[in-house]
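Comments concern the structure below.
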Amino acid sequence: MQIVNKPNYKLPPGIRKVLLIQLGDIGDVVWTIPSIGAVKNSLPGSEVSILVKEGFGGILEADPAIAKIFEVKKHRGNVLRQLSGHLSFLKEIRAQHFDLVVDLRLGDRGAFLSLATGAPLRVSMHHPPSVPFWRKYLFTHCVLPIDAARTQGAADQSLRILRAIGIDSHNIIPQLWVSAAVKKRVREELIEKKADGLEHWITINPFSRWPYKEWHDRKWVEILNWLWRDYAIPAIIVGSREERPKAEALIRQSEARAFNFAGLTTLQELAGLLSMSRLHIGVDSAAPHIAASTGAPTITIYGPSSWQDWAPLGKDHRVVVSKLDCVPCRRKGCDNSGRSRCLEELSTDQVKNALREAIDIYWPKTQSKGTN
């Protein structure tokens, strides 16, 4: 295993097949898009594949820079069936004969899968003491972390590893491809839900898999009503299948024109829907990252997590954060309790101010009819 800590390191010639392992959440997958482009451009003629968690590959399906998408699946059934499924997957991966594999995270699974590929070059980050000592022995090259402030947003998570082996990109903003077929399916869904007559709408994602990132339902109802009453702007609520009842409850409590699309779309279709939205607002979750990568302007409400590290980049993307001095604490709520006082005390007025600014830009002819 070779430690790489020199910026002038050069990869050996003849690298043609590359696998990037990204076993993070959906937002992490989106932020890996600049790294895919960096490999493709730095190694002309190369084939770039990516390995992600089960169900996440579809969001990259239309990207012409990707040769193949592999998903780590949870094989069901008895022990023999599960073992057979895992062995079949490992055989498929090994048969690709990758020249270079880069694990973009610090998890054990990605490390073992990297070794299982049999690639002659296997690269990852070496980050003691946050990872086990033995992990570095599964790779041929390990990159030492650089104690420097991140300046390129979440894309830097992947690019800081690739830069160490001579692969870089000035394009640090993810651009997600959405096919015409996916947009056609979204339009059909809008027609079915009687939302096709909407000229423009806003998408809202009030939900996160982590409750400590969520804002109170009562405040979302106030925002829905305010958008409809003062601006006649309808809303489409997005989320997972499990979040559909919560979205329905919000709509029932509101007086706004709103549509429940939670759980109705695949990841590709969600990207298509968000790309058609005039504006997206939501909490820190996958949706803002997807929306921004399709070109939709965003407003993201942040609690304890760091907007400096993860918020979408560019003038079309705003954040709303608490004024408390402890923000961002980067914990799972106050003292890791799951309860976030910064979000509990975040007022609807702060969110309305951000929305007014965006509405003035993206709905230039819309005038408020109210005073709140």
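In this text, residue positions in the sequence shown follow this note's numbering: the first is 1203, and each later residue adds one. Even glycine gets a Cβ: it sits at the ideal position worked out from N, Cα and C. None of the values given here were measured: they were computed from a predicted structure.
TODO: Look at the Cβ atom of residue 1360, then the Cβ atom of residue 1239, and state whether they are nearer than 7 Å.
DONE: no
Open item on the list: Please report the straight-line C-alpha distance between residue 1211 and residue 1262, rounded to a whole angstrom.
Closed with: 30 Å
Open item on the list: Residues in the same chain with beta-carbon distance under 8 Å from residue 1404, minus the five sequence neighbours each way, listed in chain order, please.
Closed with: 1429, 1435, 1436, 1437, 1438, 1479, 1480, 1481, 1482 and 1483
- [ ] Leaving aside the five residues before and after residue 1350 along the sequence, list all residues of the same chain whose C-beta is less than 7 Å from its C-beta, in chain order.
- [x] For residue 1350, the predicted model reports a pLDDT of 49, less than 50, meaning its position is unreliable; a value from the coordinates is still stated below. Answer for residue 1350: no residue qualifies.
Task: Three-state secondary structure (DSSP) of residue 1541 - done: coil
TODO: For residue 1540, collect the residues of the same chain with a Cβ closer than 8 Å to its Cβ; drop the 5 residues on either side in sequence, then sort them by chain order.
DONE: 1413, 1414 and 1534
- [ ] Taking 7 Å as the cut-off, decide whether the C-beta atoms of residue 1181 and residue 1303 are in contact.
- [x] Residue 1181 lies beyond the residue range present for the chain, which begins at 1203 and ends at 1574; the question has no answer from this structure.
Task: DSSP state of residue 1216 mapped onto helix, strand, coil - done: coil
Task: Distance, residue 1256 Cα to residue 1324 Cα - done: 22 Å
Open item on the list: Can you confirm whether residue 1220, when its beta carbon is compared against all beta carbons of chain D, has any partner nearer than 7 Å?
Closed with: Although the question refers to chain D, the structure presented lacks it and comprises just one protein chain.
Open item on the list: With a threshold of 6 Å on Cβ separation, who are the neighbours of residue 1397 within its own chain once the five nearest residues in sequence on each side are excluded?
Closed with: 1461
- [ ] For residue 1388, name the three-state secondary structure that DSSP assigns.
- [x] helix
Task: residue 1286, enclosing beta strand (DSSP E) - first and last residue - done: From DSSP, residue 1286 is part of no beta strand (DSSP E) but of the alpha helix (DSSP H) over 1281-1296.
Open item on the list: Which of the three DSSP states is assigned to residue 1227 in this structure?
Closed with: coil
Task: Three-way DSSP call (helix, strand, coil) for residue 1375 in this model - done: coil
Task: Coil, strand or helix - residue 1484 by DSSP - done: strand
Open item on the list: How far does the beta strand (DSSP E) with residue 1272 in it extend, from its first residue to its last?
Closed with: 1268-1274
Open item on the list: Quick test of your reading: residue 1514 and residue 1496, contact by CB under 8 Å. State the CB separation rounded to the nearest angstrom.
Closed with: Contact doesn't hold; Cβ gap of about 11 Å is too wide.
TODO: Please work out which residues of its chain come closer than 8 Å, Cβ to Cβ, to residue 1247, disregarding the five sequence neighbours upstream and downstream, and give them in chain order.
DONE: 1218
Open item on the list: Are the CB atoms of residue 1379 and residue 1545 within a distance shorter than 7 Å?
Closed with: no
Task: One or two residues paired with residue 1250 in a DSSP bridge - done: 1220 and 1268
Task: Three-state class that DSSP yields for residue 1536 in the structure shown - done: helix
Open item on the list: If the criterion is Cβ atoms closer than 7 Å, does the pair residue 1269 and residue 1300 meet it?
Closed with: no
Task: residue 1491 versus residue 1402: straight-line alpha-carbon distance, rounded - done: 21 Å
- [ ] Could you check how far apart the C-beta atoms of residue 1423 and residue 1456 are, in whole angstroms? I think they sit under 8 Å.
- [x] 5 Å
Task: Environment of residue 1525 [buried if 16+ CB atoms lie within 10 Å] - done: exposed
Open item on the list: Rounded to the nearest angstrom, what separates residue 1589 and residue 1394 at their Cα positions?
Closed with: Residue 1589 falls outside the range modelled here, since the chain spans only 1203 to 1574, and no answer is possible.
TODO: Could you tell me the distance, in whole angstroms, from the CA atom of residue 1486 to the CA atom of residue 1543?
DONE: 16 Å
Task: Buried versus exposed call for residue 1282 [16 or more other C-beta atoms within 10 Å across all chains shown] - done: exposed
Task: Cross-strand partners of residue 1301 (DSSP beta bridge) - done: Answer by DSSP bridge pairing: none, since residue 1301 is not bridged.
TODO: Kindly provide the ranges of any alpha helix (DSSP H) runs that are 4 or more residues long and lie completely inside the stretch 1419-1493, ordered along the chain.
DONE: 1419-1433, 1446-1455 and 1469-1478
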